[in-house]
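Chemist:
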Amino acid sequence: MNAVAGAVSLRESAQQHAVSPQAPLPPLAAVVRGRPAADRLVGREGELGAMEAFLREGLAGGATRTVYGTAGAGKSELLEAGVEAAAGAGLRVLRCAGVRGAGPGPRSGLLQLMWPLLDGPPPACGAGPLRDLEELLLDSAPGADGTPLPFLVLGALESAAADRPLLLTVDDFDALDAASAEVLAFVARRTAGRPLAVLIAARPGPGRRALLSGLPELPLGPLSPAHSAELLSLRRPGCDPLAERELLATAAGNPLALLELPARTCESVPDLPPSSDRLAAALAPGAALLPAATRDLLLVGALHPDGELPLLMSAAARVGGTAPGFEAAERAEREGLVVCEGAGLRFTHPAAAGAVVHGVGPARCRAAHAALAEVMERDPVRRAWHSAQAAEGTDAELAARLEAVHGDALDRGEPVTAVRMLRRAADLYTAPEDRGRCALLAARLAHDLGSRRMARMLAHRALRHPLGPLGTLCARVLTGEKDGNGDEWCSWADPTEWPVPEDSREEEHALELARLTAPGIAGDAERSEALLAFLDRMPRRAADPRLVHAMATVGGTRRAGVVVARSSAASDTHLVPVRDLERLGEAALLAGAALRALDLYRQAEHRCRSLGLDDRLPQMWLRQGLAHLLMGDWGQAGRSFARCGEPAPHRGRDRLASAASMLGRLVRGLRAGTVPAVDAAEPAATRHSVRFVDDVVAVATAWARVEGGDFAGGHAGLLALLTDPGRAAVARYALVPFAEAADAVGAGREARTLLNRLALETEADRSSPVGAAVSVDPSAPVAAELAVARAVLSDGQEADDRYERAFAMDLSRRPFLAASLRLAHGRLLRRRREVTDSRVTLRQAAAAFTVADAQARVARITAELRAGGARTETAAPRGAGPASVRDLLSAQELRIARLAARGLSNRAIGEELGLAPRTIGAYLYRIFPRLGVTARTQLVAVLREVRDD
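Per our numbering, the sequence shown runs over residues 443 to 1391.
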């Protein structure tokens, strides 16, 4: 379409939308909401509000806005929304747009903009100015009076605006011809006092930005991760989770890339970054016109985006036959395609890598992969991958190399690469059993990544080859196919029908089969026992993290000791892969050994940091926070969840952020003793991050009732969980609040019976053949919870013995249990009228709960101390958090504690306060037991959050 025809078409469109000039300006948000769902602007509410304000300003007395955004950011869509609203309000719309990829004709932009005026009826002031303008634009003939072009255009627009307010929209201003750009910039600066609005869209490059300097700007940045996901689900529903994550990462908030990027099928060989004709035209319009050396450099850079410039230049030399110089990179940088940072070459946008190589033929792509394989001798993973992409036909030796190094890709935090390597290995192998093995392994990894669709496809592919009995069962579970009775779990996931593994390969299939099916049969007692018996028949693999995890999932309290012993058996944990550390950590957490789980998660975090796997860190923090939550260390749990929630959205991990938000609310509810508000749909969204989140929510809700004083509700909730074999694993962390609630509601006898049963299960686990083989520690797991809970429920002569046993345990790393024990003991002493010892013990408990941020408990203890006549500060009500330390110390004692926490000696403190060093020592002798500390260094943690007066 030529410029004149385009202008006529645009004019007719504007006239079709025109209504009475007196019509009010409709809100842009309402205009956009009125569109079909597929045409709505997502994530641009702020920009639509700014556009609405601009149009109102233009109607009132002239306005100009420049919308800046990168290619594909949605500038044209935003302009279209403004045009729609302006036309609905009766404004006349004149439009023009620059042309990319070709040299525009002189004054072609002006002609496109002004043609509806030149071709329409003359304005009320006469046709003279328009005739002069038409001669100048079409014939380059000066007007009769020699008026310069900018003034002719401004005059014509002013005359037209006098009849009807005007909106001028200029898209791709930076691609206009020079004469049109200068004139339109001239007009944009002279809208004041005229019913004229000028809306300009341009890319933020240097180009002609100087012409628009000083004009009001409306920047158009990338969409947020949440809005990107919303747009993707709205315009491309049903996307596979793995493909969705890749699309979100590659698009990086660019709307055009989100809509145009094709989802990778992983079947195309050789591999090339995805793109489309429209996306390539937007992000890299001049890539095809670059010199051959620059195009070769961009090709190898797109295939290996993490490579350094010298390595890429060496590979490019092998592709083109001549070594490209640094000028090749400089040319690409001038085009705005890449940025050279030190020795690295980085594309300006992740989707630009596919745009610059869009349309490259398979032969040249294979040559680039082969060149990269030659220069990457020190990276066996990348070398094998590029060699596989350069290969044609089958190659069993190369396939074996791919299969061998896929584990290295997993250790480097590249599971998607590992899946692709195994898929390619399955294509390169010639033997059917090798193809089936690689396809099944790829299906298992895809399942772990959450890509059920890809896992099913790969599992069906694996079933076409011989896999062995257990391998076939594993593949059938991954396909999700049902048996003849329509029960998905009836035969494939029934351990009673599984054969005994005969060799190491079948044992590997057996471990994966157990790992995959354990969550689905955890609530079935018969199948759970059958799976445990099946696992016991593999003594050589007893310490395998997958076996330990499956045992913890279905074993509940019956195998807790064995699970903890095996999760602690690995001495060289620095050699254990991160994914196995996570499995062992979750197994220990389900077995009641939260401290062991916390240690394993911290080791996994250190491994992630050392390997540069920053994207895995939020998951580690989430699991650490979960361990802290179940141990009662709610202050640290809240910090872990907050730490997890901050980077998660920026890394495209919205589900992690959602899980951290929900668990953070649980922590706040436990702190304050209020039932946390959890929407029914939230656990389902969080289950991918925390598999047993439903049990965590149920336990935390009942526990919070106890913290808030609703002992009847808390007791009922915890009793139901502890008596449910499928949910008792997490509930055992709440044995102490359960005992407190049972004691408060008069159900102590029944609670003691339940605790005795749990103790017998622990003893049976220790004395069983499996437990004896691994030397189960009699003090683990949940032995500390059991000891404290039994002490809470004890009375009479039995109480002294129970408390003596509980105090003899090492609770230095379990401050909540230690404080709960002191609280119960302090109440016992008060009932015995041992007032002084009771006050000291209760103050120690309050100090420990203050450190753990158990605000509701501190408030209850403070109330008890006051009711017993103990001195507390009552000047002003304060929260039960940091201010509760003030209730334990006088003002003078608090000053001394602060000075001691700063490291001052008794003599230095005495000099500052005018007291003798011996007096300071006497003060500290009273302060330490009240705060539950034994050294000056511990005062720092206790007093960290105490507010200054």
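Ideal placement from N, C-alpha and C gives every residue a C-beta, glycine not left out.
With 16 other CB atoms within 10 Å as the buried threshold, where does S710 fall?
Modeler: Result: exposed.
Chemist: Just to confirm my understanding: we take L974, look at its own chain, exclude 5 residues before and 5 after, and list those with CB closer than 7 Å. What are they?
Modeler: Contacts found: M993, V996, G997, R1001.
Chemist: Would a C-beta distance cut-off of 8 Å place H800 and H811 closer than the cut-off?
Modeler: Cβ atoms of H800 and H811: not closer than 8 Å.
Chemist: Quick one: residues in its chain with C-beta nearer than 7 Å to the C-beta of V1230, no 5 flanking neighbours on either side, listed in chain order?
Modeler: Around V1230: V1178, A1248, L1259, S1262, L1263.
Chemist: What is the DSSP secondary structure of A868, counted as helix, strand or coil?
Modeler: Correct three-state label for A868: helix.
Chemist: Could you check whether the region 659-672 touches the region 537-546, counting it as contact only if at least three pairs of C-beta atoms, one from each stretch, sit closer than 8 Å?
Modeler: The region 659-672, when compared against the region 537-546, does not touch it at the 8 Å Cβ threshold.
Chemist: For L1112, which residues from the same chain have a beta carbon less than 7 Å from its beta carbon, with the 5 sequence-adjacent residues on both sides left out?
Modeler: Excluding residues within five positions, the ones whose Cβ falls inside 7 Å are W1076, A1142, W1145, A1146, E1149.
Chemist: Could you name the residues that DSSP lists as bridge partners for E875?
Modeler: Beta-bridge pairing links E875 to no other residue.
Chemist: Alpha carbon to alpha carbon, how far is V1117 from A842? Give it in angstroms, no decimals.
Modeler: Taking the straight line from one Cα to the other gives about 56 Å.
Chemist: On the three-state DSSP scale, how would you describe V484?
Modeler: DSSP places V484 in coil when its eight states are reduced to three.
Chemist: Between which two residues does the beta strand (DSSP E) carrying L638 extend?
Modeler: Taken as a continuous stretch (DSSP letters only), the beta strand (DSSP E) holding L638 covers 638-644.
Chemist: Please go through the same chain and pick out, in chain order, the residues whose beta-carbon is closer than 6 Å to the beta-carbon of A758, but skip the five residues on each side of it.
Modeler: Here the set comprises D738, L739, V742, P766.
Chemist: What does a CB cutoff of less than 7 Å around S670 pick up in its chain, not counting 5 residues either side in sequence?
Modeler: Excluding sequence neighbours, S670 sits near L690, A693, G695, L700.
Chemist: Return the first residue and the last residue of the beta strand (DSSP E) that V535 is part of.
Modeler: V535 -> beta strand (DSSP E) spans 534-539.
Chemist: State the CB to CB distance for the pair R1372 and A1289, rounded to an integer number of angstroms; the pair is presumed to be in contact (CB under 8 Å).
Modeler: Correct: roughly 6 Å between the Cβ atoms.
Chemist: With distances taken between CB atoms, is the gap from A873 to G796 smaller than 8 Å?
Modeler: Result no, Cβ atoms of A873 and G796 do not sit closer than 8 Å.
Chemist: Determine the direct distance from the alpha carbon of L1017 to that of S1010, and round the result to whole angstroms.
Modeler: Those two C-alpha atoms are separated by around 14 Å.
Chemist: Over what stretch of residues does the alpha helix (DSSP H) that includes A1288 continue unbroken?
Modeler: Here the alpha helix (DSSP H) through A1288 covers 1277-1294.
Chemist: Could you tell me the distance, in whole angstroms, from the CA atom of V1375 to the CA atom of R1049?
Modeler: Their backbone Cα atoms lie some 33 Å apart in a straight line.
Chemist: Taking contact to mean at least 3 C-beta pairs separated by less than 8 Å, is the region 485-498 in contact with the region 767-780?
Modeler: No, the region 485-498 is not in contact with the region 767-780.
Chemist: Please name the residue in L814, S717, R969 whose C-alpha comes closest to that of L703.
Modeler: When each option's Cα is compared against that of L703, the closest is S717.
Chemist: If distances are taken between C-alpha atoms only, which option among T938, M980, E950 comes closest to E968?
Modeler: Ranking the options by Cα distance to E968, first place goes to T938.
Chemist: Excluding sequence positions up to five away, which residues of its chain have a Cβ less than 6 Å from the Cβ of L533?
Modeler: These residues qualify, in order along the chain: P607, L609.
Chemist: Can you tell me whether R1367 is buried or exposed? The criterion is at least 16 other CB atoms within 10 Å of its CB, across all chains shown.
Modeler: Correcting the residue type first, residue 1367 is Tyr in the shown sequence and not Arg. Classification of Y1367: exposed, given that the 10 Å Cβ count is below 16.
Chemist: Measure the alpha-carbon distance for R862 versus A1039 and round it to whole angstroms.
Modeler: Approximately 32 Å between the Cα atoms of the pair.
Chemist: Could you give the distance in angstroms between the alpha-carbon of E1205 and the alpha-carbon of A1035?
Modeler: The straight-line gap from Cα to Cα measures roughly 16 Å.
Chemist: Could you give the C-beta distance for C681 and L673, rounded to a whole number, given that I count them as a contact under 8 Å?
Modeler: About 11 Å; that fails the 8 Å criterion.
Chemist: Can you give me the Cβ contacts of P1091 inside the same chain, cut-off strictly under 6 Å, excluding the 5 residues immediately before and after it?
Modeler: With a pLDDT of 42 at P1091, under the threshold of 50, the modelled position of this residue cannot be trusted, and the question is left open.
Chemist: Please classify F789: is it buried, with 16 or more other beta-carbons within 10 angstroms of its beta-carbon, or exposed?
Modeler: It counts as buried.
Chemist: Return the first residue and the last residue of the alpha helix (DSSP H) that D1185 is part of.
Modeler: It spans 1177-1187 - the alpha helix (DSSP H) in which D1185 sits, taken as one unbroken run.
Chemist: Compare the C-alpha of L905 against each of G892, G922, L891, W940 and name the closest.
Modeler: Here the closest residue by C-alpha is G922.
Chemist: Would L1200 pass as a contact of T999 if the rule is Cβ separation under 8 Å?
Modeler: Yes, these two residues count as a Cβ contact at 8 Å.
Chemist: Whose C-beta lies closer than 6 Å to the C-beta of A826 among residues of the same chain, with five residues either side of it excluded?
Modeler: So the qualifying residues of the chain are R843, L844, V847.
Chemist: Taking DSSP as the reference, what is the three-state secondary structure of G503?
Modeler: Three-state result, G503: helix.
Chemist: Just list the residues that DSSP pairs R788 with in beta bridges.
Modeler: Paired residues: V781.
Chemist: Roughly how many whole angstroms lie between the Cα atoms of L490 and L520?
Modeler: Roughly 7 Å separates the two Cα atoms.
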